[in-house]
Amino acid sequence: MEYLLSIVIFFPALASIFVFIMDNNVAKPYGITIGLIELILVIALWMGFDYTNPSMQFENIFSLIPDYGINYHVGIDGISLFLLLLNGFIIFLATIYLNQPNDKNHLVVCLLLLESILMGVFSSLNMVLFYIFWEISLIPILYMIGAWGSGEKIYAALKFFLYTFVASLIMFIGILYFGYLYYIATGKWSFDILDWYHLVLPFNMQIWLFLAFFISIAVKIPIFPFHTWLPHAYGDAPTLGSVVLAAVLLKMGTYALVRFSLPLFPDASFALVIPVAILALFMVIYGGLLAFAQKDMKQVVAYSSISHMGVAVMGIFAINLEGIGGSVFAMVGHGIVSGALFMLVGMIYVRRRTRQISEFGGLATVMPNYATLFGIVMMANIGLPLTIGFVGEFFSLLGFFKAHPILTLLAGTSIILSAIYMLNLYKNVFFGLLSNVKNKTLKDLCPRELSVMIPFVMAIIFFGIYPKPILSPIQNSTKQLLQIMNDRATQESTKKHLQKSILNLDFIQNPENISKSIKEV
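Read in order, the letters of the sequence shown correspond to residues 10 to 530 in our numbering.
Now the structure itself:
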């Protein structure tokens, strides 16, 4: 068990080496096998995880460049654990879904490499190591869009690469400067995040470094006005590219906010709550309105992602247990729901080679299984109670409501907008007359497609009804995060807010607290 996390990180990448020498027809079964083994390994991490321990677990540390504090240092807590599980779950189902007739082996290599890289992103505890994983995550997805995409795929791939790469350079400068500040304060170099947690920075310094990190993170999430790469990347990427982008890659940004921005810059984070919340609110409303205006099914889901990630950002900047814990859950929930939606859109595209909503209508009569599964996932995207989409958004908005009720009420329009554009999409695609002759001969989901969608639906319903297995581990780690922020805060207003948040500890484990909060709302 000592090196289990490192095995989880590097196993898919090492296994992908053999795919290059395989026959194209063997690559997919091999990829499914590797994906299944990796998922089992991540579940083993979950089973061995100590819920009562808020500190990092399964830590491995090896010196790489000791004179400059650059180490291979990985570990997980309740915040990162479920993002690893999400990554393993999505990539495994993606390999099953894979229906590329040519170059299967190259696509499998991209998926397995991306899986390893993302495992590294969510478990890195050394900032240089994190940055390396953060940057090289661009390579597989860039290749997926450019090689297997459609439309203006080269333009979409280059725009995605340039936006994220240039913004990340700003964060890299911030990382180097923080390492230098640690050297000035202690006389030794270190880029380990756990060491950085002990360094208290003056307020002005926090502001500048926060902005250096935030710009890079804002592009990755994406936060308005850094979102313009997303419609092109989603629209022109192959189905699996869109699935991985929406389900896992976008979570890199929100994860970085929780893991780095909040604890490293507590005063700056608290001081900039309102500006960030306004940007997030704009994401919620703007994304919802644009989703309603789209004529392409895939673009509806793409802009829906912007809207839902806006709610997650608001939850993070509630800077309390409910908000941050709910936001982490929302990352997992959105990953499952958006991944399922993009796969469902891909399934109809394979049959008709179009995603235009006007081309469909009455599909429920010829594809009842498809209509049923799409309906369940759609309800989760709206945030219907007893689905996974409800829990995260409820706690995110509840946490932010305690600090900023007016902004939260405006953000609540996300639920209304989600219902409008998703129900409108569902009505136009599945109900009405089956007037288009091309749709009358469409076949319902095949066994392969059902085997992909059923696990999605099971996760959506199970964790919507019983979210405690995910929420409980998040609680202690979120409490620890708030305590770190409190210890490093220098402004009285920040400390007062954090101490009030820390006192409210059991928002998950005590149902009466949830009932009380609901009554307050």
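No residue lacks a Cβ here, since even glycine has one placed at the ideal position from N, Cα and C.
- Under 8 Å, do residue 259 and residue 180 count as touching if we go by C-beta distance? Translated into positions along the sequence shown, residue 259 becomes position 250. Translated into positions along the sequence shown, residue 180 becomes position 171. Contact: no.
- Task: Could you name each continuous beta strand (DSSP E) segment of 3 residues or more that falls completely within the region 17-102, going from the start of the chain to the end?
- Result: The region 17-102 contains these whole beta strand (DSSP E) runs: 66-74, 79-85.
- What do you get for residue 331, buried or exposed, if any count of 16 or more other CB atoms within 10 angstroms of its CB means buried? Here residue 331 refers to the residue found at position 322 when the sequence shown is read from its first residue. The residue is buried, with at least 16 neighbouring Cβ atoms inside 10 Å.
- Does the beta-carbon distance from residue 147 to residue 170 come in below 8 Å? Numbered from its first residue, the sequence shown carries residue 147 at position 138. Numbered from its first residue, the sequence shown carries residue 170 at position 161. Between residue 147 and residue 170, the C-beta gap is smaller than 8 Å, which places the two residues in contact.
- Query: Is it true that the CB of residue 325 sits closer than 8 Å to the CB of residue 397?
  - Reply: Position 388 of the sequence shown, counting from 1, holds the residue named residue 397. Position 316 of the sequence shown, counting from 1, holds the residue named residue 325. No, these two residues do not count as a Cβ contact at 8 Å.
- Is residue 246 closer than 8 Å to residue 153 when the C-beta atoms are compared? Here residue 153 corresponds to residue number 144 of the sequence shown, with the count starting at 1. Here residue 246 corresponds to residue number 237 of the sequence shown, with the count starting at 1. Yes.
- Message: Just to confirm my understanding: we take residue 497, look at its own chain, exclude 5 residues before and 5 after, and list those with CB closer than 6 Å. What are they?
- Response: Position 488 of the sequence shown holds residue 497. Only 209, 275 meet the Cβ criterion.
- Query: In terms of residues, what are the limits of the alpha helix (DSSP H) holding residue 318?
  - Reply: Your numbering for residue 318 matches position 309 in the sequence shown. Counting along the chain, the alpha helix (DSSP H) containing residue 318 begins and ends at 306-325.
- Message: For the region 213-220 against the region 296-305, do three or more pairs of beta-carbon atoms, one drawn from each stretch, fall closer than 8 Å, so that the two count as touching?
- Response: By the Cβ criterion, the region 213-220 is not in contact with the region 296-305, since fewer than three pairs of Cβ atoms, one from each stretch, lie closer than 8 Å.
- Message: Can you give me the C-alpha to C-alpha distance between residue 417 and residue 292, rounded to a whole angstrom?
- Response: Numbered from 1 along the sequence shown, position 408 holds the residue referred to as residue 417. Numbered from 1 along the sequence shown, position 283 holds the residue referred to as residue 292. A direct Cα-Cα distance of roughly 13 Å separates residue 417 from residue 292.
- Message: Taking the beta carbon of residue 532 as the centre, do at least 16 other beta carbons fall within 10 Å, making it buried, or is it exposed?
- Response: Summary: the structure shown does not reach residue 532, with the chain confined to residues 10 through 530, and so no result is reported for it.
- Task: State the Cα-Cα distance for the pair residue 139 and residue 472, rounded to the nearest angstrom.
- Result: Within the sequence shown, residue 139 is the residue found at index 130, counting from 1. Within the sequence shown, residue 472 is the residue found at index 463, counting from 1. For residue 139 and residue 472, the distance between alpha carbons rounds to 30 Å.
- Message: So, for residue 509: in the same chain, excluding its five sequence neighbours on each side, which residues have a beta-carbon less than 7 Å away from its beta-carbon?
- Response: Within the sequence shown, the letter at position 500 stands for residue 509. Same-chain partners within the cutoff: there are none.
- For residue 119, count neighbouring Cβ atoms within 10 angstroms of its own Cβ and tell me buried if that reaches 16, exposed if not. Position 110 of the sequence shown, counted from the start, is the residue given in the question as residue 119. Counting every other CB atom within 10 Å of its CB across the protein chains shown gives residue 119 a total of 16 or more, marking it as buried.
- Item | CA nearest to the CA of residue 264, picked from 22, 500, 13, 490 | Here residue 264 corresponds to residue number 255 of the sequence shown, with the count starting at 1. Ranking 22, 500, 13, 490 by Cα distance to residue 264 puts 490 first.
- Query: If you draw a straight line from the alpha carbon of residue 327 to that of residue 278, how long is it in whole angstroms?
  - Reply: On the sequence shown, residue 327 is found 318 positions in, with the first residue counted as 1. On the sequence shown, residue 278 is found 269 positions in, with the first residue counted as 1. Their Cα atoms are separated by approximately 10 Å.
- Under 8 Å between C-beta atoms of residue 483 and residue 334: On the sequence shown, position 474 is the one that residue 483 refers to. On the sequence shown, position 325 is the one that residue 334 refers to. Cβ distance < 8 Å, so residue 483 and residue 334 count as in contact.
- Item | C-alpha gap between residue 202 and residue 184, whole angstroms | Reading the sequence shown from its first residue, position 193 is the one you call residue 202. Reading the sequence shown from its first residue, position 175 is the one you call residue 184. Rounded to the nearest angstrom, the two C-alpha atoms are 10 Å apart.
- Are there 16 or more other CB atoms within 10 angstroms of the CB of residue 527, so buried, or fewer, so exposed? Mapped onto the sequence shown, residue 527 falls at position 518. Residue confidence for residue 527 is low, a pLDDT of 36 falling below 50, so the modelled location carries little weight; the figure read from the coordinates is stated next. Around the beta carbon of residue 527, fewer than 16 other beta carbons lie within 10 angstroms, which makes this residue exposed.
- Item | CA-to-CA distance, residue 26 to residue 350, given in whole angstroms | The count along the sequence shown starts at 1 and reaches residue 350 at position 341. The count along the sequence shown starts at 1 and reaches residue 26 at position 17. Taking the straight line from one Cα to the other gives about 31 Å.
- When the Cα of residue 500 is compared with those of 124, 24, 213, 64, which residue comes out closest? Residue mapping note: residue 500 aligns to position 491 of the sequence shown, counting from 1. Ranked by Cα distance from residue 500, the first of 124, 24, 213, 64 is 213.
- Message: I'd like to check one pair, residue 150 with residue 254: are the Cβ atoms closer than 8 Å?
- Response: On the sequence shown, position 245 is the one that residue 254 refers to. On the sequence shown, position 141 is the one that residue 150 refers to. Annotated as proximal: residue 254 and residue 150, with beta-carbon spacing under 8 Å.
- Task: Please list the segments of the alpha helix (DSSP H) lying wholly inside the region 229-259, counting only runs of 4 or more residues, in order along the chain.
- Result: Those alpha helix (DSSP H) runs which fall completely within the region 229-259 and span 4+ residues are 238-245, 248-253.
- Span separating the alpha-carbon of residue 90 from that of residue 55: Your numbering for residue 90 matches position 81 in the sequence shown. Your numbering for residue 55 matches position 46 in the sequence shown. Across the structure, residue 90 and residue 55 are spaced so that their CA atoms are roughly 7 Å apart.
- What first and last residue would you give for the alpha helix (DSSP H) that runs through residue 336? By 1-based counting over the sequence shown, the position of residue 336 is 327. For residue 336, the uninterrupted alpha helix (DSSP H) run begins and ends at 330-361, by DSSP.
- Integer Cβ distance of residue 378 from residue 453, believed to fall under 8 Å: On the sequence shown, residue 378 is found 369 positions in, with the first residue counted as 1. On the sequence shown, residue 453 is found 444 positions in, with the first residue counted as 1. For residue 378 against residue 453, the beta-carbon gap comes to about 5 Å, under 8 Å, which counts as contact.
- Message: For residue 84 and residue 65, which I take to be in contact (beta-carbon distance under 8 Å), what is that distance rounded to the nearest angstrom?
- Response: Taking the first residue of the sequence shown as 1, we reach residue 84 at position 75. Taking the first residue of the sequence shown as 1, we reach residue 65 at position 56. Between residue 84 and residue 65 a beta carbon distance of about 4 Å is seen, short of the 8 Å cut, so the two are scored as contacting.
- Query: Using CA coordinates, which residue listed in 99, 68, 204, 98 is at the minimum distance from residue 86?
  - Reply: Within the sequence shown, residue 86 is the residue found at index 77, counting from 1. Selected option, being the one with the closest Cα: 68.
- Task: Look at the Cβ atom of residue 401, then the Cβ atom of residue 348, and state whether they are nearer than 8 Å.
- Result: For the purposes of this step, residue 401 is taken as residue 392 along the sequence shown, with counting starting at 1. For the purposes of this step, residue 348 is taken as residue 339 along the sequence shown, with counting starting at 1. In this structure, residue 348 does not lie closer than 8 Å to residue 401 by Cβ.
- Query: My guess is that residue 430 and residue 313 are in contact by the Cβ rule of under 8 Å, so how many angstroms apart are they, rounded?
  - Reply: By one-based count along the sequence shown, residue 430 stands at place 421. By one-based count along the sequence shown, residue 313 stands at place 304. Between the beta-carbon of residue 430 and that of residue 313 there is about 7 Å, and that keeps the pair under the 8 Å contact cut.
- Query: Three or more C-beta pairs closer than 8 Å, one from the region 108-117 and one from the region 27-36: is that the case here?
  - Reply: As far as the Cβ criterion goes, the region 108-117 touches the region 27-36, which means the pair count is three or higher.
- Leaving out five residues on either side along the sequence, give the residues of the same chain with a beta carbon under 7 Å from the beta carbon of residue 373. Position 364 of the sequence shown, counted from the start, is the residue given in the question as residue 373. Excluding residues within five positions, the ones whose Cβ falls inside 7 Å are 380, 439, 440.
- Could you check what DSSP says for residue 201 in three-state terms: helix, strand or coil? The sequence position of residue 201 within the sequence shown is 192, counting from 1. Reduced to three states, the DSSP call for residue 201 is strand.
- Query: With burial defined as no fewer than 16 other Cβ atoms inside 10 Å of the residue's Cβ, what is the status of residue 395: buried or exposed?
  - Reply: Position 386 of the sequence shown, counted from the first residue, corresponds to residue 395. Its Cβ having fewer than 16 others within 10 Å, residue 395 is exposed.
- Item | Best match in 296, 339, 227 for proximity to residue 284 [C-alpha to C-alpha] | On the sequence shown, position 275 is the one that residue 284 refers to. The shortest Cα separation from residue 284 among 296, 339, 227 belongs to 227.
- Task: Pull up the CB-CB distance for residue 93 and residue 51, whole angstroms please, since I reckon it's below 8 Å.
- Result: In the sequence shown, residue 93 corresponds to position 84, counting from 1. In the sequence shown, residue 51 corresponds to position 42, counting from 1. Here residue 93 really is in contact with residue 51; their C-beta atoms are around 5 Å apart, less than 8 Å.
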